[in-house]
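Residue numbers (full-length UniProt numbering): 1 to 534.
Glycine residues also receive a C-beta, built at the ideal position from the N, C-alpha and C atoms.
This report refers to the structure that appears directly beneath it.
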Amino acid sequence: MHPKLFSQVLIRNARNGSLSLSRFYYTNRSNKATLYSRISPLGDPGTSVVPELDEWVQKGKRVRVGELQRIIHDLRKRKRFSQALEMVDFDQKLANGSGIISGQQWNLPIIFCFVNALLLQISEWMNKKGVCIFSPTEHAVQLDLIGRVHGFASAESYFNNLKEQDKTEKTYGALLNCYVRQRQTDKSLSHLQKMKEIGFASSPLTYNDIMCLYVNLGQHEKVPDVLAEMKENKVAPDNFSYRICMNSYGVRSDLEGMEKVLKEMESQPHIVMDWNTYTVAANIYIKAGLANKATNALKKSEERLDKKDATAYNQLISLHASLGNKEEVLRLWDLLKSACKRCINKDYIITLDSLVRLGELEEAQKVLEEWQSSENCYDFRVPNSLIVGYAEKGQCEKAETLLENLVEKGRMTTPNSWGIVAAKYLEKDETQKALDCIKAALSHCPGKVWKPNPRVTASILSWLGDKCSVEEVEAFVDSLRTVVPVNRHMYHALLKAHIRDGRAINALLDGMKAEKIDEDEETKNILAMRQNSA
């Protein structure tokens, strides 16, 4: 994993609560409809959940607190912040008496979660009339959601309208996070200064936000200065503070600086060394080509992981794959399966990707078969790992067969995967098979926003113009025009097919002029075919 990408993962893990022990399995063993089963499949983050919520309540069905917790947690975990915000509004609507609530009557908890840990908390409504009184913590969560959905300006407005007693370290911190997320340097630093002045900058989280800002801006050289400022201001760095600083040195290939920070971290009595820190070090060593040091760091990481922490296993599997350690990947995969109650789709995806990177496609096929026999909900990303792996290794037939099997079972595929296989067929000069794959992409994935590789379609169109009938060329061009604008390659294919078949081409030439496609040298060469055949 590239150090810059790794730093982004560090930040995302901290924000999205990678330390949370709860794992959600997108399965439904019974056929009984639940509110979660209605909301969770709405995968597009822009899709409103309000119609589903309204319909659920209108049917007189109960809304269970536990399920609301699960939905909110799931939506935020999967970055469906707009839908999570709608769920907060839904809570308020129910509290005003428009729904049937299981549990204590007129005592619906509000679901909220801390930004760092994503652990959902519950706050009771304050009176029987259902008036919801937000605490500063709940305001902070609401502010964070508004910032994610509507931007920092809306979050800023929400903050400014808060009562003074609600402007606490939590709400100040939430607004700082909004500024940082949108890379507002001046606002972030100005807000930090204000927090210092009123005594709200005593937490490492505040300084971690500023370090994240510099990472997001690519100004990694400024990160160690923030760590130094923390210590000067008597704010003890936490694990994340040290990790992001270590990675800032790694991005700049400063191994000495990284090791110095790691050594300091290990010497701090308030720090409990965790698996994550040593994976950061291992990743930096891998990029530097220091396999032995990376392996030692991974050993230290494994010694410190929670035996039921699938996230840790996934990280180790991926890094060992980067080192080419097939045996370690398979060993850790077996440990993950035995340690965790159930493997979720993410576990399968990471292991499949790792095995594919190692070129171990037979082992990857076994893992895919395990997934197919599980009760996990369908996720195309799982088989797609192996589909792309087969294609990259030139085993296009196996990749195409996997795609065809999914289609036969009524499963969703993506046009991009068909396009990848088509490109690999072209590299093997099997244009007919490439054409079949592009046709499949267009027919099996209607309505998808997809742009096929221009080089692939240009090669196929040229071949069609040379080999196929006018009707075949026209049919393909008509299909292709549903996803890309008409272009010179389409007209050239049509011209060649018409000329070979002795048909008139005046209408095609007029069409080119109407589309403002000028004749180039290739056009002239194609038109010369007509004279040669006369």
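- The Cβ-Cβ distance between Leu426 and Ser459 falls below 8 angstroms.
- Approximately 5 angstroms separates the beta-carbon atoms of Val180 and Asp209; this is inside 8 angstroms, confirming the contact.
- The beta carbon of Ser322 lies closer than 6 angstroms to those of Ile286 in the same chain, with the five residues before and after it left out.
- Under the three-state reduction of DSSP output, Thr168 falls in the coil class, being neither helix nor strand.
- Per DSSP, reduced to three states, the secondary structure at Gly502 is coil, with no helix or strand assignment.
- Look at Phe200 here: in three-state DSSP terms it is coil, with no helix or strand label.
- The alpha-carbon separation between Gln365 and Leu386 amounts to approximately 7 angstroms.
- DSSP, reduced to helix, strand and coil, places Ala281 within a helical segment of the structure shown.
- Between the region 331 to 351 and the region 304 to 318, the count of C-beta pairs closer than 8 angstroms reaches three or more; the two stretches touch.
- Taking the CA atoms as reference points, Thr457 sits about 21 angstroms from Tyr390.
- A straight line joining the alpha-carbon of Glu221 with that of Val251 spans about 9 angstroms.
- Membership of Phe159 in the alpha helix (DSSP H) is indicated by the continuous run 152 to 160.
- If you look at Met230, you'll find it in the alpha helix (DSSP H) that goes 223 to 232.
- Here Ala288 carries a coil assignment [DSSP, helix/strand/coil].
- Listed in chain order, the non-local C-beta contacts of Arg243 below 7 angstroms within the same chain comprise Leu10, Asn276, Thr277, Val280, local neighbours out to five positions each way being set aside.
- With contacts defined as CB atoms closer than 8 angstroms, Ala339 and Lys307 qualify as a contacting pair.
- In the three-state reduction of the DSSP assignment, Pro454 falls in the helix class, which pools H, G and I.
- Collapsing the DSSP output to three states places Ile317 in a helix.
- Exposure of Asn525 is indicated by the presence of fewer than 16 other C-beta atoms within 10 angstroms of its C-beta.
- In this model, Ser203 and Val235 are separated by some 7 angstroms (Cα to Cα).
- In the structure shown, Ile517 adopts coil according to DSSP, grouped into three states.
- When the alpha-carbon of Phe134 is set against those of Asp254, Glu302, Asp166, the nearest one is in Asp166.
- Of the candidates Gln184, Leu262, Ile198, the residue whose Cα lies closest to the Cα of Val215 is Gln184.
- For Gln365, the enclosing alpha helix (DSSP H) has its first and last residue at 361 to 373.
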